[in-house]
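*Asks:* Counting in this note's numbering, the sequence shown runs from 3 upward without gaps.
Backbone N, C-alpha and C fix where the C-beta goes; we use that ideal spot for every residue, glycine too.
Here the structure is a predicted model, which means the values were calculated and not measured.
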Amino acid sequence: MGQFLGDTSASGEAVLDGYTRLLVRSEHMLEAALAADWETLVAQEADYVQQVERLSTLDAEASLDREARQRKAELLEDILENDLEIRRHLIQRRDELGELIGVSQRQRDLQRAYGAGTSVIDAGSRFGAGSS
Numbered sequence: 003m004g005q006f007l008g009d010t011s012a013s014g015e016a017v018l019d020g021y022t023r024l025l026v027r028s029e030h031m032l033e034a035a036l037a038a039d040w041e042t043l044v045a046q047e048a049d050y051v052q053q054v055e056r057l058s059t060l061d062a063e064a065s066l067d068r069e070a071r072q073r074k075a076e077l078l079e080d081i082l083e084n085d086l087e088i089r090r091h092l093i094q095r096r097d098e099l100g101e102l103i104g105v106s107q108r109q110r111d112l113q114r115a116y117g118a119g120t121s122v123i124d125a126g127s128r129f130g131a132g133s134s
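1. I need the DSSP call for S58, collapsed to helix, strand or coil.
2. Do you know offhand how far R97's Cα is from E79's?
3. Measuring CB to CB, does Q46 end up less than 9 Å from A37?
4. Quick one, which of S28, L18 and T22 has its alpha-carbon nearest E87's?
5. Quick one: what's got a C-beta closer than 6 Å to G14's C-beta in the same chain, skipping five residues either side?
6. If you draw a straight line from the C-alpha of I81 to the C-alpha of G100, how long is it?
7. Using the three-state DSSP reduction, which class does L66 fall into: helix, strand or coil?
As structure tokens, this is what we get:
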């Protein structure tokens, strides 16, 4: 077992380092969400997804001892907490945008319904007004 751990300690460290970097990335994403900087959040999310994919491959190949597994669990918990908070802000933003879209649609519908009726129609020529 000692030789097995010796062979995988470098990859175990790489896995923990990957999760640490992922946590830092999720913290930056949360900061962007809190600041309503959606463009930055979307850009960071693309990098985040790539980082998760690379880490998934690395993690599958590594064997972690008990201490490393515990640290990985702590990092994952923090990452998931950040993810949940980011999702809350995204849902809130989605709801805000939905309300704005609804208001815009109602305004458009009102404009269509009543906008054409605001002009005065001269019907005199159609009904022979002015002629006796």
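*Replies:* For this structure:
1. helix
2. Residue identity differs from the one stated: residue 97 is Asp in this sequence, not Arg. If you take the alpha carbons of D97 and E79, they lie about 27 Å apart.
3. no
4. S28
5. A64, L66 and A70
6. 28 Å
7. coil
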